[in-house]
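Here the structure is laid out as structure tokens; the discussion comes afterwards.
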Amino acid sequence: MVCEDERQFVGFNGQEWTTREEMLTKYKNIIKCEEPGLYSITTEPRFGIGQRAFLIQTSHGNILWDCIALLDQTTIDFINNNGGLTAIAISHPHFFTTMVDWSHTFDHPLSTTLTMNTLSFPSDTESFTEEDDDDNQSNINFKDQ
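Per the working numbering, the sequence shown starts with residue 14, numbered consecutively.
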């Protein structure tokens with residue numbers, strides 16, 4: 014089993030593959046303000062299992078929570094026009110598809126891209142601690158607005 018997510022499936026014809034260039038001709042990303050400082054990014058028509066990413070704006074910089082498969086110019090422009098990215102967090106292997114593209118586009122080497130195993134959640138789950146290569150600590154509180 015690849016994944017226990019109930020949305021995960023392999024069709025009757027087996028796995029299907031595509032390219033970024035082909036996706037750009039058939040799909041587009043929709044960016045929606047969910048609440049102040051929080052935007053969802055989804056791909057239409059639905060791709061894969063319908064993953065979505067979140068752009069979280071904080072006073073310490075913007076965090077991209079997960080990387081969806083399609084990285085289009087509209088999404089790049091939106092993120093850059095809203096302050097760029099301070100960090101990228103990836104919560105699950107379904108979001109690994111184009112993480113290198115996102116990392117290169119927003120100038121975040123994979124060594125500084127956050128994954129769930131590098132996040133430390135306090136008991137109140139309101140903030141996380143990012144440990145960088147120099148063992149320095151920077152705290153980002155999701156409720157900073």
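Even for Gly, the Cβ is constructed at its ideal location relative to N, Cα and C.
Fair warning: this is a prediction, and the values are worked out from it, not measured in the lab.
Which word fits residue 79, buried or exposed, when buried means at least 16 other C-beta atoms lie within 10 angstroms of its C-beta? buried
Which residue marks the beginning of the alpha helix (DSSP H) containing residue 55, and which one marks its end? Taken as a continuous stretch (DSSP letters only), residue 55 belongs to no alpha helix (DSSP H), being part of the beta strand (DSSP E) at 51–57.
Determine, using beta carbons only, whether residue 52 and residue 83 come nearer to each other than 8 Å. no
Classification of residue 62 by the beta-carbon crowding that lies within 10 angstroms, buried from 16 upward: exposed
Excluding five sequence neighbours on each side, which residues of the same chain lie with their C-beta closer than 7 Å to the C-beta of residue 27? Correct list: empty, nothing qualifies.
Using only the alpha-carbon positions, how far apart do residue 85 and residue 103 sit? 19 Å
Are there 16 or more other CB atoms within 10 angstroms of the CB of residue 56, so buried, or fewer, so exposed? buried
Distance between beta carbons of residue 54 and residue 88, contact taken as under 8 Å: Rounded, the Cβ-Cβ distance is 6 Å, consistent with contact.
If I follow the unbroken alpha helix (DSSP H) through residue 92, where does it start and stop? Counting along the chain, the alpha helix (DSSP H) containing residue 92 begins and ends at 86–94.
Residue 68: first and last residue of the uninterrupted beta strand (DSSP E) it sits in: Its beta strand (DSSP E) spans residues 65–71.
CB of residue 81 within 8 Å of CB of residue 64, strictly: yes
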